[in-house]
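Residue numbers (this note's numbering): 4 to 204.
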């Protein structure tokens, strides 16, 4: 897993060269120690160019991201909105991994996926059978399944509402305490839509 933090500041120079703003020396050392990087951009005079350069830097840090995913506000505010900003702080966490137990392409088929009450969608559904950690979560009205990643201690915990229309209720009941579950290993049949998960903050 890799992590990159970026603080983007306005103007052609760092803020300690601007009136009344100074960066303490110890924070300058964070760049090497914590992959923390401050970079100046002239948002006031070149907002469009600044956004393009920020997006390009972000794409190199986290591949395959589109501009609207990196800077979601820029899609609605545009360069004019960026020009009024005095500070942009972008945080990226990238993780790429495959399942420890891979889904076979030969067992991937078209199937209907239940989105919400009365709504379904045809998706590419992956299937496999094997031994996985599972748990019942009566407090959330759901069951939990653990899918581990290969060559990693990371796992993905999937929650499946007991009621096909119970997603909203499940979301309302989510809490740290609700995840104090007793998992047990069982032979299960897993069907999961092909998906891509991304979050940019």
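Quick reminder that beta carbons are idealized off the backbone N, C-alpha and C, glycines included.
Looking at the backbone, the Cα of residue 160 and that of residue 177 are separated by about 13 Å. In the displayed model, residue 110 falls within a helix according to three-state DSSP. Contact annotation, residue 158 with residue 148: C-beta distance approximately 10 Å; criterion of less than 8 Å not satisfied. The distance from the Cβ of residue 173 to that of residue 143 is about 5 Å, consistent with a contact at the 8 Å cut-off.
Assignment of alpha helix (DSSP H) within the region 126 to 189, counting only whole runs of 4 or more residues, yields 170 to 176 in chain order. Look at residue 47 here: in three-state DSSP terms it is coil, with no helix or strand label. Between the region 102 to 121 and the region 183 to 191 there are fewer than three C-beta pairs closer than 8 Å, too few to call the two in contact. Leaving aside the five residues that flank residue 197 on each side, the residues in its chain whose CB is nearer than 8 Å to its CB run, in chain order, 111, 126, 127, 128 and 129.
Around the CB of residue 182, fewer than 16 other CB atoms lie within 10 Å, so the residue is classed as exposed. Residue environment for residue 46: buried (at least 16 other C-beta atoms within 10 angstroms of its C-beta). Relative to the Cα of residue 105, the nearest Cα in the group 134, 116 and 113 belongs to 134. Closest option to residue 100, judged by alpha-carbon separation, among 155, 195, 44 and 180: 155.
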